[in-house]
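For reference, the structure is listed below as structure tokens.
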Amino acid sequence: MSQHVVFVGAGDSNLSVLKNWKKRKLKDTTWTLVSPSRYQYYSGMFSGYTEGRYSIEDIRIDLKSFCKENGGRFLKGKVTAVDKRQKNVLTDSGKSLSYDILSANIGSTHEKPNVPGVKDYALFLEPNGQFPSAAEKLQQTEYPVIRGGDYKGVEIALSLQEWRKKHHMKTPVTLISNGPVLENEKEEIRDNVLTLLDERGIMIYENISVERIDQDVLYTENHVIPYGEVLWITGPTPPLIFQYAKLAVDEKGFLLVSSSLQSLDDSSIFASGACVTLSDYPDMLKNNSYMRKEASVLEDNIIKTLKGKKKLKTFTPPKKRELVLNLGHKKGLYIKGGKYSLDKSSWKLKKRMDKQFIKQFS
Ligand SMILES: Cc1cc2nc3c(=O)[nH]c(=O)nc-3n(C[C@H](O)[C@H](O)[C@H](O)COP(=O)(O)OP(=O)(O)OC[C@H]3O[C@@H](n4cnc5c(N)ncnc54)[C@H](O)[C@@H]3O)c2cc1C
Numbered sequence: 242m243s244q245h246v247v248f249v250g251a252g253d254s255n256l257s258v259l260k261n262w263k264k265r266k267l268k269d270t271t272w273t274l275v276s277p278s279r280y281q282y283y284s285g286m287f288s289g290y291t292e293g294r295y296s297i298e299d300i301r302i303d304l305k306s307f308c309k310e311n312g313g314r315f316l317k318g319k320v321t322a323v324d325k326r327q328k329n330v331l332t333d334s335g336k337s338l339s340y341d342i343l344s345a346n347i348g349s350t351h352e353k354p355n356v357p358g359v360k361d362y363a364l365f366l367e368p369n370g371q372f373p374s375a376a377e378k379l380q381q382t383e384y385p386v387i388r389g390g391d392y393k394g395v396e397i398a399l400s401l402q403e404w405r406k407k408h409h410m411k412t413p414v415t416l417i418s419n420g421p422v423l424e425n426e427k428e429e430i431r432d433n434v435l436t437l438l439d440e441r442g443i444m445i446y447e448n449i450s451v452e453r454i455d456q457d458v459l460y461t462e463n464h465v466i467p468y469g470e471v472l473w474i475t476g477p478t479p480p481l482i483f484q485y486a487k488l489a490v491d492e493k494g495f496l497l498v499s500s501s502l503q504s505l506d507d508s509s510i511f512a513s514g515a516c517v518t519l520s521d522y523p524d525m526l527k528n529n530s531y532m533r534k535e536a537s538v539l540e541d542n543i544i545k546t547l548k549g550k551k552k553l554k555t556f557t558p559p560k561k562r563e564l565v566l567n568l569g570h571k572k573g574l575y576i577k578g579g580k581y582s583l584d585k586s587s588w589k590l591k592k593r594m595d596k597q598f599i600k601q602f603s
């Protein structure tokens, strides 16, 4: 009897599995990819896009063509419910799809905390398709503010400042960080990045909480900061559908999966990427350098399950964390384990990696 695999979300590992699907030559198996937009925008290239180095076409994957090319079906929609007993999912347009195996790779969202005014006035990174228009607003406004001092905020602030400098915009980008900028990195890296932010003319507010946002100004305990547009970036928060489906989640709400990347409650549900917490490695960071390694395990395990095999592969996170950032003006930051370099070759590496990533799905 024919089996149907539903891939929910066009995250990195689902796409990696699908690009190899035809090679697996599976009989009597069909698949559908469900994602809210026809395009998947690659967040690793958002900073290059903001700086003006990439066009929209450079940073996005056309999912409809990708699915056709790789022998499956694309369904535009957001999955709003998973019924694990009936083995089907429901989308926001009311479509119901049944599955034998489900693979969720829906990313995380960003907190939209209860700071008054945030929901009304701030720009967000999700859904990721709205980033290009957010970037354009930040480029054009007189007072752009990035709220978020982790690597994403730093990348966007520096590349935005570069774009504005090239386009003779005189007012600086402001970066506001709840804690220290890049607080998870060692002091030497932080110092170097802070110096760079300063040299490029970015206004930095560290250890500052935004308490309220009005239409043109935001308020912290001791400052009133004018803004034209504010991009609100904070730590990842989980999507809610797993909780609604009564699947086991961690204390924050991320789906709990075993090292075979299966839900602890339901072996027909696989999941990977930023929407999950691995029960064996609960502290693993939700960033691509770890998550990309999940794809080959996910692929093998889905195929084995379809073939009725019981012994599955297990995922082990790489020992050393690897992060490559674009700091604008052909400068990059490469961190691996305890070592780092901040130079042009790191920027070249980042450019090469990002282009290779997107090319494999085009
Ligand atoms: C500016 C920026 C720069 C970054 N740079 C780096 C970097 O250099 N290195 C690094 O390691 N990480 C980086 N990241 C973080 C990294 O991109 C995220 O951790 C990553 O995108 C998560 O990947 P994912 O594959 O889990 O899901 P995503 O890439 O977020 O994809 C999830 C997909 O699922 C879809 N989806 C969501 N909900 C549903 C639903 N209910 N139904 C159906 N589909 C759904 C989404 O629309 C999306 O298409 C960066 C992030 C940002 C914002």
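In terms of this note's numbering, the sequence shown opens at residue 242 and continues consecutively.
Note that the Cβ used here is the ideal one computed from N, Cα and C, for glycine as well.
Return helix, strand or coil for residue i, following the three-state DSSP convention.
i, result
"residue 505", "coil"
"residue 347", "coil"
"residue 365", "coil"
"residue 434", "helix"
"residue 471", "strand"
"residue 310", "helix"
"residue 602", "coil"
"residue 339", "strand"
"residue 449", "coil"
"residue 359", "helix"
"residue 459", "strand"
"residue 479", "coil"
If you check the beta carbons only, do residue i and residue j fall under 8 Å apart?
i, j, result
"residue 462", "residue 470", "no"
"residue 501", "residue 554", "yes"
"residue 246", "residue 347", "no"
"residue 527", "residue 477", "yes"
"residue 492", "residue 258", "no"
"residue 282", "residue 372", "yes"
"residue 386", "residue 417", "yes"
"residue 479", "residue 490", "yes"
"residue 317", "residue 277", "yes"
"residue 435", "residue 391", "no"
"residue 437", "residue 566", "no"
"residue 498", "residue 344", "no"
"residue 260", "residue 311", "yes"
"residue 447", "residue 421", "yes"
"residue 303", "residue 280", "yes"
"residue 573", "residue 561", "no"
"residue 456", "residue 362", "yes"
"residue 507", "residue 519", "no"
"residue 331", "residue 273", "no"
Can you tell me whether residue i sits near ligand 1, meaning its C-beta is under 7 Å from at least one heavy atom of the ligand?
i, result
"residue 250", "yes"
"residue 308", "no"
"residue 403", "no"
"residue 287", "yes"
"residue 278", "yes"
"residue 254", "yes"
"residue 348", "yes"
"residue 573", "no"
"residue 514", "yes"
"residue 316", "no"
"residue 480", "yes"
"residue 407", "no"
"residue 374", "no"
"residue 397", "yes"
"residue 320", "yes"
"residue 566", "yes"
"residue 378", "no"
"residue 329", "no"
"residue 275", "yes"
"residue 559", "no"
"residue 369", "yes"
"residue 527", "yes"
"residue 366", "yes"
"residue 534", "no"
"residue 284", "yes"
"residue 305", "no"
"residue 281", "yes"
"residue 427", "no"
From the DSSP output, which residues share a beta bridge with residue i?
i, result
"residue 392", "Bridge partners of residue 392: none, in fact."
"residue 322", "331"
"residue 385", "470"
"residue 577", "563, 580"
"residue 496", "490, 517"
"residue 590", "Its beta-bridge partners do not exist; DSSP assigns none."
"residue 316", "275"
"residue 454", "459"
Does the beta carbon of residue i come closer than 8 Å to any beta carbon on chain B?
i, result
"residue 564", "As a matter of chain content, chain B is missing from the structure shown, which is built from one protein chain."
Whole runs of the alpha helix (DSSP H) within the region 511–563, excluding any shorter than 4 residues:
Whole alpha helix (DSSP H) segments, 4+ residues: 529–532, 535–547.
Starting from the N-terminal side, write out each stretch of the beta strand (DSSP E) that is 3 residues or longer and does not extend beyond the region 243–308.
As far as the region 243–308 is concerned, its whole beta strand (DSSP E) runs of at least 3 residues are 244–249, 270–276, 280–282, 301–303.
So within the region 399–446, which uninterrupted beta strand (DSSP E) runs reach at least 3 residues, ignoring any that extend past its ends?
415–417, 444–446, all fully within the region 399–446.
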